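Trainee: Input: one structure, supplied below.
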Amino acid sequence: MKKHILRLALLTVALTAILTSCGNKTPKDRTQYLPNITGNAGEVLITINKNYWEGELGSTLREILAGEYPYLPQREPVFKLFNATPGGFTGSLMLHRNIIIVNVSPEVDTTGIRISRDAWAKPQVVVTVSSTTPEEATELIRTNSEMIINAIEQTERDRLIANSIKYEDRDVRLAVTENIGGSPYFPKGFTMKKDTPDFMWISQETTYVNQGILIFKYPYTDPSQLSADSLKAKLGDLWKVNVPGMRDNSYMTFNKVIDPGFRNITYKGMTMVEMRGLWEVENDYMGGPFVCHIFPDPERKNIIILNAFVYAPKYDKRKYLRQVESIIYSFNWKENLEVEK
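And the structure:
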């Protein structure tokens, strides 16, 4: 472990020397010299001693990071994990998109968890867990599990949002902005399927995968409209009227067995209600996962629902849901969209 730490330290010093010798650049410019990340979306590389990986410490990491992703029709892990020993953490492995380094040594000076960005590649997140014993590392990971998951989730989301902005379909964004005063960024491939004053349907459809964004707007009259019961009833009505199925008297509705979950979230200064669950089609056999962001507009005139959903009967759903969820996370009001562009 000491040799491994020394090798990483020397690599960091060498990289810093190379970057600072390239001219009078600001610290932010160092990222332009980094290689691009490797690995697939949703993967996490864990660098850990083999004995710890096979013991309670490894079990804790798997329990937290590879537990069941919520509100999917089939079991899928939150992240796909693979591991490397400290001695094997070299070369291309150091370029992986999401890395957790577990450093357990009696010589550790400062215990805790540190999150860093773009250490060896871009855009990369590295979570370092430092402790003197495996028991201490286990407790650190359990106590900070939400922070660790959020750091990786947010980095994955930021990558998708950056791609949506870079390769956006500007016409779709402008149409949505004109209607509700703001918009997400939609990557090319997403097209307007329906456009009315109170409902818009934007989707990307292939032979076996349908990723959709439904946008609803209706008058805001009372804070009680944002309660869980009120929102579930309202969305059910909106689905029934606006999202028909393939057969007669068929329409989008909630899964009959699993109730949706609700929580309040704040993202980039916006507070909203998140609704997450499973949808199905009444009188048909279609279904899949969905997630909504629900919030009033700045003037408190209307409630906006951004409803992302996936239909992919032949494939796992987690990847596709993260992609459309990142789109609704990219939402901003018109004045802020203009600043970003």
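Residue numbers are given in this note's numbering: position 287 of the sequence shown equals residue 287, and the series is strictly consecutive.
Virtual Cβ for every residue (Gly too), placed ideally from N, Cα, C.
Remember, predicted model here, so these are calculated numbers, not experimental data.
1. Mark M147 as exposed unless 16 or more other C-beta atoms lie within 10 angstroms of its C-beta, in which case mark it buried.
2. Tell me, please, which residues DSSP counts as bridged to T128.
3. Assign N346 to buried or exposed, taking buried as 16 or more other Cβ atoms, counted over all protein chains shown, within 10 Å of its Cβ.
4. Taking the C-alpha atoms as reference points, what is the distance between V324 and E156?
5. Which residue wins for smallest C-alpha separation from D109, given the options V126, A119, S130 and D118?
6. Ignore the nearest five residues each way along the sequence and tell me which others in K194's own chain have a CB closer than 6 Å to its CB.
7. Return the chain-ordered list of same chain residues with a C-beta closer than 6 Å to the C-beta of P308, the five sequence neighbours on each side being excluded.
8. Run the CB neighbour count on G23, radius 10 Å, all protein chains shown included, and call it buried at 16 or more, exposed below.
9. One question on the structure: do L57 and V44 come within less than 8 Å of each other, judged by their Cβ atoms?
10. Would you call the segment 32-47 in contact with the segment 83-93, where contact means no fewer than 3 C-beta pairs closer than 8 Å?
11. Using 8 Å as the threshold, is the C-beta distance between V127 and I113 below it?
12. Spatial neighbours of D198 within its chain, please: CB distance less than 8 Å, with the 5 preceding and 5 following residues excluded, ordered by chain position.
13. Could you tell me which residues DSSP pairs with M200 in its beta bridges?
14. Using the beta-carbon count (16 or more within 10 Å), is E168 buried or exposed?
15. Do I101 and A151 have their C-beta atoms closer together than 8 Å?
16. Does DSSP classify S183 as helix, strand or coil?
17. If you drop the 5 nearest sequence neighbours on each side, which residues of the same chain put their C-beta closer than 8 Å to that of S250?
18. Within the same chain, show all residues whose beta-carbon is closer than 7 Å to that of T31, passing over the 5 residues directly before and after it, in chain order.
19. Determine the contact status of A348 and L93, defining contact as a CB-CB distance below 8 Å.
20. Any idea what DSSP makes of I64, helix, strand or coil?
21. For L235 and G55, what's the separation of their Cα atoms in angstroms?
22. Spatial neighbours of V104 within its chain, please: CB distance less than 7 Å, with the 5 preceding and 5 following residues excluded, ordered by chain position.
23. Provide the residue span of the beta strand (DSSP E) that contains E280, from first to last.
24. Identify every residue that forms a DSSP beta bridge with E168.
25. Roughly how many angstroms lie between the CA atoms of F331 and W279, to the nearest whole one?
26. Is the Cβ-Cβ distance between E273 and L231 less than 8 Å?
27. Where DSSP assigns a beta bridge to I304, which residues make up the other side?
28. Using C-beta distances below 8 Å, list every residue in its chain close to Y185, excluding the 5 sequence neighbours before and after it, in chain order.
29. If we call anything under 8 Å between Cβ atoms a contact, is R342 one with Y220?
Mentor: A quick look at the data gives this:
1. Label assigned to M147: exposed.
2. Its beta-bridge partners are I101 and R114.
3. The displayed coordinates of the chain run from 1 to 341. Any statement about residue 346 would go beyond what the structure contains.
4. In a straight line, the C-alpha of V324 is about 12 Å away from that of E156.
5. Residue S130 is the option with its Cα nearest to D109.
6. Answer for K194: W201, listed in chain order.
7. First, the residue type needs correcting, since residue 308 is Ala and not Pro in the sequence shown. The answer, listed in chain order, is I213, V291, V324, E325 and I328.
8. Caution is warranted here: a pLDDT of 41 is assigned to G23, below 50, making its placement in the model unreliable, and no coordinate value can be reported.
9. It is not a contact, given that the beta carbons lie outside the stated cut-off.
10. The segment 32-47, when compared against the segment 83-93, does touch it at the 8 Å Cβ threshold.
11. A contact, by the Cβ cut-off of 8 Å.
12. So the list reads F216, K217 and Y218, once near-sequence residues are dropped.
13. Note: M200 is bridge-paired with D195 and I215 in the DSSP secondary-structure output.
14. The residue is buried, with at least 16 neighbouring Cβ atoms inside 10 Å.
15. No, the Cβ-Cβ distance between I101 and A151 is not below 8 Å.
16. Strand.
17. Contacts found: P244, V281, E282, N283 and D284.
18. D118 and K122, listed in sequence order.
19. Residue 348 is absent from the structure shown; the chain starts at 1 and stops at 341.
20. Residue state, collapsed to three classes: helix.
21. Near 46 Å, if we compare the C-alpha coordinates of G55 and L235.
22. Its chain contains N49, Y52, S131, T133, P134 and A137 as the residues whose beta carbon lies nearer than 7 Å to that of V104, once the 5 sequence neighbours on both sides are disregarded; these appear in chain order.
23. For E280, the enclosing beta strand (DSSP E) has its first and last residue at M270 to V281.
24. For E168, which the question treats as bridged, DSSP gives the partners P187.
25. Cα to Cα, the separation comes out at about 23 Å.
26. In the sequence under discussion, the amino acid at residue 273 is Val, which differs from the Glu named in the question. Taking 8 Å as the Cβ cut-off, V273 and L231 qualify as a contacting pair.
27. Looking at the DSSP assignment, I304 forms a beta bridge with K217 and F295.
28. Closer than 8 Å at Cβ, skipping near neighbours: I161, S164, I165, E168, R173, I327 and S330.
29. Nothing about residue 342 can be reported from this structure: the residues present for the chain run from 1 to 341 only.
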